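2 protein chains.
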Amino acid sequence: MTGGVTPSERLARAALTRVFEPGDERGGHWLREFGAGGLLALLTSADGGKQLAGVGARRLGGYRIRAAGADPERDLSAVAAHGGRFVCPGDTEWPSQLDDLDAAGPIGLWVRGGPDLRIWSLRSVAVVGARACTPYGAHMAATLGSGLAERGWVVTSGGAFGVDGAAHRGALAAGGATVAVLACGVDVVYPPGHTELIGRIAEQGLVVTELPPGDHPTRSRFILRNRVIAALTRGTVVVEAAYRSGSLVTARCALRLGRFTMGVPGPVTSGLSAGVHELLRGEGVLVTDAAEVVELVGEIGDLAPVRRGPVLPRDLLGPVSARVLDALPARGAADVREIARSAGTTSDEALGRLYELHSLGFVERLGDRWQLTVRVTPDAAARRGGA
Amino acid sequence: MTGGVTPSERLARAALTRVFEPGDERGGHWLREFGAGGLLALLTSADGGKQLAGVGARRLGGYRIRAAGADPERDLSAVAAHGGRFVCPGDTEWPSQLDDLDAAGPIGLWVRGGPDLRIWSLRSVAVVGARACTPYGAHMAATLGSGLAERGWVVTSGGAFGVDGAAHRGALAAGGATVAVLACGVDVVYPPGHTELIGRIAEQGLVVTELPPGDHPTRSRFILRNRVIAALTRGTVVVEAAYRSGSLVTARCALRLGRFTMGVPGPVTSGLSAGVHELLRGEGVLVTDAAEVVELVGEIGDLAPVRRGPVLPRDLLGPVSARVLDALPARGAADVREIARSAGTTSDEALGRLYELHSLGFVERLGDRWQLTVRVTPDAAARRGGA
Chain A
1 MTGGVTPSER LARAALTRVF EPGDERGGHW LREFGAGGLL ALLTSADGGK
51 QLAGVGARRL GGYRIRAAGA DPERDLSAVA AHGGRFVCPG DTEWPSQLDD
101 LDAAGPIGLW VRGGPDLRIW SLRSVAVVGA RACTPYGAHM AATLGSGLAE
151 RGWVVTSGGA FGVDGAAHRG ALAAGGATVA VLACGVDVVY PPGHTELIGR
201 IAEQGLVVTE LPPGDHPTRS RFILRNRVIA ALTRGTVVVE AAYRSGSLVT
251 ARCALRLGRF TMGVPGPVTS GLSAGVHELL RGEGVLVTDA AEVVELVGEI
301 GDLAPVRRGP VLPRDLLGPV SARVLDALPA RGAADVREIA RSAGTTSDEA
351 LGRLYELHSL GFVERLGDRW QLTVRVTPDA AARRGGA
Chain B
388 MTGGVTPSER LARAALTRVF EPGDERGGHW LREFGAGGLL ALLTSADGGK
438 QLAGVGARRL GGYRIRAAGA DPERDLSAVA AHGGRFVCPG DTEWPSQLDD
488 LDAAGPIGLW VRGGPDLRIW SLRSVAVVGA RACTPYGAHM AATLGSGLAE
538 RGWVVTSGGA FGVDGAAHRG ALAAGGATVA VLACGVDVVY PPGHTELIGR
588 IAEQGLVVTE LPPGDHPTRS RFILRNRVIA ALTRGTVVVE AAYRSGSLVT
638 ARCALRLGRF TMGVPGPVTS GLSAGVHELL RGEGVLVTDA AEVVELVGEI
688 GDLAPVRRGP VLPRDLLGPV SARVLDALPA RGAADVREIA RSAGTTSDEA
738 LGRLYELHSL GFVERLGDRW QLTVRVTPDA AARRGGA
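Order-wise, the sequence lines are chains A and B. Per our numbering, residue 1 is the first one in the first sequence, and the count goes up by one each step. Per our numbering, residue 388 is the first one in the second sequence, and the count goes up by one each step.
Okay, here's the thing in structure tokens:
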């Protein structure tokens, strides 16, 4: 899990998440120039400020005050107490597609939940939309969430009321995988009405944020959170969005990053579909169900392992993943409880591993059951071609 | 109006509309080979059948029986009694874009209504969709119909229940121009529930059909009628259509002919939007209001005269059109009744001419009023460029 990241590098990056707001490109450029430890040292030394060019004295002063106050060991313990961890570039769990954000990319991510963020993200789709959605929007988000989960895809969203919550719940209800990307610390539950939902996501899925523990959401944090949702996933589906809504920020960011960008149409008479229709009149692709989403984002062939990321040989899997894989029957399918029982894990743990194994191309989901991927051997391919 | 068509050519074409069903390409090829008079002579002479190759004896026999029974003079009188006429290729009123249909194009069109079909068609848009539409579909069709009429565009549809009727009514209600393309004779009212509507369209607009008087609609006539709607207009908008519906036939025909093809989205949960969404996932363009339709079909600049068709100098206008044009105030706008009064015509007549003048670029419609087109003189353009 720790890969090539030294303990001091991890501590420094954790501290820097207290210094720079999400998406602060100045911080990103310095980080490249000086490294995390070097940058933190410059920010906290008496005369280090001289080397930090490109910002006014006042802004630099703010950075230095926050750097002096940072206590990354306390933050790491606080998050660990919530069963969390801090993942940063260099970790094997780091989702390398976030590097597409360049200097605006996250310094690191605070993560709660068992599954491997990198592997889950390989086959993930964002479903986002209006907080104050209509019953139609909630229905479509929940239907997409469960339909994507049933097809083995991870449903990523922002944990908000409305479309986000419906998408997460749809995935959870289908016994599926879901990731909530928050605009606050992993220990801060926002909105408070989603305490239970976000707790359930942390158990069955992943809760992820750039912000250190205790930090609260602000308007700009909500907006900047959206670039992480767009970058972390292979595509973004917008379900109900008014003109100039935050979900359209996510969609435009996804377009900029070359991700698939989709929208669910609705009645023209609904202002909450106006933003989606605007997207669909541009570069967005109209989708009406999960099958159409998967057809697009899984274009390289839904059974093939995803190009990006490690395609591990079976004997390089971690011990728990290997046990879960061994627990699948040689022929036919089994449900999560059967697999968990025979692998000696909890159902949530087994489910997390199954989605990882799905991302890596080892298994596939059929309704509520899982089976080994049918691999086309060269012989079988030749027979097919000759028929 | 009669252009280069001889009376015997007109009579022969009128007779041939009794012989060949709409879209019969065999008839179209013979028509090219022998001319209308020649073909009719071959079909009615004792041994003329020998020269008519490419069909079986039975089918040829059917053509010959129908040719022998044709009485074009009676048909022309019957239609004239309804205030109608027969328009055919070579007439100045013939809409030359129908020639895009090649051998499947109409032999001629039976027409009721005052306006010039060719000029009206230059700025026309088809609005088509489900008969059994939802209240949402009816609302959207009526809104588009009136919105297009208010922007000076002619609304063409099939005169059917549901979306078609709502689009026609929307245009009529806005004091606008509308064309109904029927799948039966101009003297046959189908559906019977639309007697009043189709009568009103014949007064304020145009009723058009390939079928001779007295002919009734059949399933294949409905389907083949759609190619005329697609070819006659600059674009087709589909409002609510189930999978495999007749409106999608019109849309696919429009695509094939290189016309703009558009769809109005709706709730994914409505089966009546499924066909539209299928279209929008292909080559169709999503539109949500009349302004977006006009933006697309009027791409060459809404104030500029349309490229296709005659751009007449003012002194080549017919006497009534010239009088209507003279009735417009030099500055500001006037409504149809004021213009009709000062031109000495009825309001319906004035309206028809105003839409013709709009197609030709002389006038523009602003809400319920009409004004002379503001022409950018070279001087004014230079001043604008220099500002």
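A virtual CB, placed ideally from N, CA and C, is assigned to each residue, including glycine. Since the structure is predicted, the reported quantities are computational estimates derived from the model, not experimental observations.
Can you say whether Gly56 (chain A) is buried or exposed, counting buried as having 16 or more other CB atoms within 10 angstroms of its CB?
Label assigned to Gly56 (chain A): exposed.
In the DSSP assignment, what residue or residues form a beta bridge with Gln407 (chain A)?
Because chain A in this structure spans residues 1 to 387, residue 407 (chain A) falls outside the shown range and cannot be described.
Considering only the alpha carbon of each residue, which of B:Arg499, B:Arg446, B:Ala454 lies closest to Ala467 (chain B)?
Of the listed residues, the one whose Cα sits closest to Ala467 (chain B) is B:Arg499.
Can you tell me whether DSSP reads Pro305 (chain A) as helix, strand or coil?
Low local confidence applies: a pLDDT of 43 at Pro305 (chain A) is under 50, so the model's placement there is unreliable, and no value is given.
Could you compute how far the alpha carbon of Val155 (chain A) sits from the alpha carbon of Arg740 (chain B)?
Inter-residue distance for Val155 (chain A) and Arg740 (chain B) is about 59 Å (C-alpha atoms, whole angstroms).
Neighbourhood of Phe473 (chain B) by C-beta, 7 Å cutoff - its chain only, sequence neighbours within 5 removed
Correct list, in chain order: Arg397, Ala401, Leu463, Val466, Gly495, Trp497.
Quick one: any contact between the segment 24-40 of chain A and the segment 228-244 of chain A, if contact means 3 or more CB pairs under 8 Å?
In short, these stretches do not touch, since the Cβ pair count stays below three.
So which of A:Pro191, A:Gly175, A:Ala173, A:Asp102 has the shortest CA-CA distance to Val181 (chain A)?
Ranking A:Pro191, A:Gly175, A:Ala173, A:Asp102 by Cα distance to Val181 (chain A) puts A:Pro191 first.
Whole beta strand (DSSP E) elements within the segment 603-658 of chain B, 3-residue minimum:
Correct list: 622-626, 647-651.
Check whether Thr565 (chain B) and Ala536 (chain B) have beta carbons under 9 Å apart
By the CB criterion at 9 Å, Thr565 (chain B) and Ala536 (chain B) fall inside the cutoff.
Only counting runs of 4 or more residues, tell me where the alpha helix (DSSP H) segments fall wholly within the segment 561-599 of chain B, in order along the chain.
As far as the segment 561-599 of chain B is concerned, its whole alpha helix (DSSP H) runs of at least 4 residues are 582-591.
Quick test of your reading: Gly263 (chain A) and Val238 (chain A), contact by CB under 8 Å. State the CB separation rounded to the nearest angstrom.
Rounded to the nearest angstrom, the Cβ distance from Gly263 (chain A) to Val238 (chain A) is 5 Å, consistent with a contact under 8 Å.
Buried or exposed: Glu751 (chain B), going by 16 or more other Cβ atoms within 10 Å of its Cβ?
Result: buried.
Going along chain A in order, which residues have a C-beta closer than 9 Å to the C-beta of Pro652 (chain B)?
The answer, in chain order, is Pro265, Gly266, Pro267, Val268, Ser273, Val276, His277, Leu280, Leu286.
Are at least three pairs of beta-carbons, each pair with one atom in the segment 165-178 of chain A and one in the segment 198-213 of chain A, less than 8 Å apart?
Three or more Cβ pairs drawn from the segment 165-178 of chain A and the segment 198-213 of chain A lie within less than 8 Å of each other, which places the two stretches in contact.
Beta carbon of Ala241 (chain A) nearer than 9 Å to that of Leu279 (chain A):
If you check the CB distance, Ala241 (chain A) and Leu279 (chain A) come in under 9 Å.
Tell me, which residues are paired with Trp370 (chain A) by DSSP?
Checking the DSSP bridge columns, you'll see Trp370 (chain A) partnered with A:Ala334, A:Arg365.
Does the distance from the CB of Pro409 (chain B) to the CB of Leu611 (chain B) come in under 9 Å?
Yes, these two residues count as a Cβ contact at 9 Å.
Name the chain A residues that come within less than 8 Å of Met527 (chain B), Cβ to Cβ?
For Met527 (chain B), the C-beta contacts it makes with chain A under 8 Å involve Val268, Thr269, in order along the chain.
In this structure, what does DSSP give as the bridge partners for Val154 (chain A)?
For Val154 (chain A), which the question treats as bridged, DSSP gives the partners A:Ser124.
If we count Cβ pairs, one from each stretch, closer than 8 Å, do we get three or more for the segment 240-255 of chain A versus the segment 114-129 of chain A?
Counting C-beta pairs with one atom in each stretch, the segment 240-255 of chain A and the segment 114-129 of chain A have three or more that are closer than 8 Å, which means they touch.
According to the neighbour-count rule (16 or more other Cβ atoms, all chains shown, within 10 Å of its Cβ), is Pro654 (chain B) buried or exposed?
Pro654 (chain B) counts as buried, since no fewer than 16 other beta carbons sit within 10 angstroms of its beta carbon.
When DSSP builds the beta bridges, which residues end up paired with Gly516 (chain B)?
DSSP lists B:Val626 as the beta-bridge partner residues of Gly516 (chain B).
Quick check: is the beta carbon of Ala513 (chain B) nearer than 9 Å to any beta carbon in chain A?
So no, Ala513 (chain B) is outside the interface.
Can you tell me which of the three DSSP states Gly284 (chain A) falls into?
If DSSP states are grouped into helix, strand and coil, Gly284 (chain A) belongs with coil.
Provide the residue(s) that pair with Asp478 (chain B) in DSSP beta bridges, ordered along the chain.
Asp478 (chain B) has B:Pro476 as its beta-bridge partners, per DSSP.
Checking 9 Å against the spacing of the C-beta atoms, do Ala677 (chain B) and Gly534 (chain B) come in under that value?
The criterion of a C-beta distance shorter than 9 Å is satisfied by Ala677 (chain B) and Gly534 (chain B).
Which residues of chain B have a Cβ atom closer than 8 Å to the Cβ of Tyr243 (chain A), listed in chain order?
None at all; the shortest Cβ gap to chain B is about 12 Å.
Among B:Gly552, B:Leu531, B:Gly441, B:Ile726, which one has its Cα closest to the Cα of Val512 (chain B)?
Of all alpha-carbon atoms in B:Gly552, B:Leu531, B:Gly441, B:Ile726, the one lying nearest the alpha-carbon of Val512 (chain B) is that of B:Leu531.
Rounded to whole angstroms, what's the CA-CA distance from Cys184 (chain A) to Pro212 (chain A)? Just pull it up for me.
About 8 Å.
Using the beta-carbon of each residue, which ones in chain B are nearer than 8 Å to Tyr136 (chain A)?
Going along chain B in sequence order, the residues near Tyr136 (chain A) (Cβ under 8 Å) are Pro654, Thr656.
Does the distance between the C-beta of Ala570 (chain B) and the nearest non-hydrogen atom of the ligand SAM fall short of 8 Å?
The ligand SAM is not part of the structure shown, which contains no ligands of any sort.
Give the DSSP bridge partners of Gly84 (chain A), in chain order.
The partner list for Gly84 (chain A) (beta bridge, DSSP) reads A:Arg112.
Please list the terminal residues of the continuous alpha helix (DSSP H) segment that includes Asp326 (chain A).
For Asp326 (chain A), the enclosing alpha helix (DSSP H) starts and ends at 319-327.
For a quick check, are the C-beta atoms of Gly235 (chain A) and Leu296 (chain A) less than 9 Å apart?
Inclusion of Gly235 (chain A) and Leu296 (chain A) in the CB contact set at 9 Å is warranted, their separation being smaller than that value.
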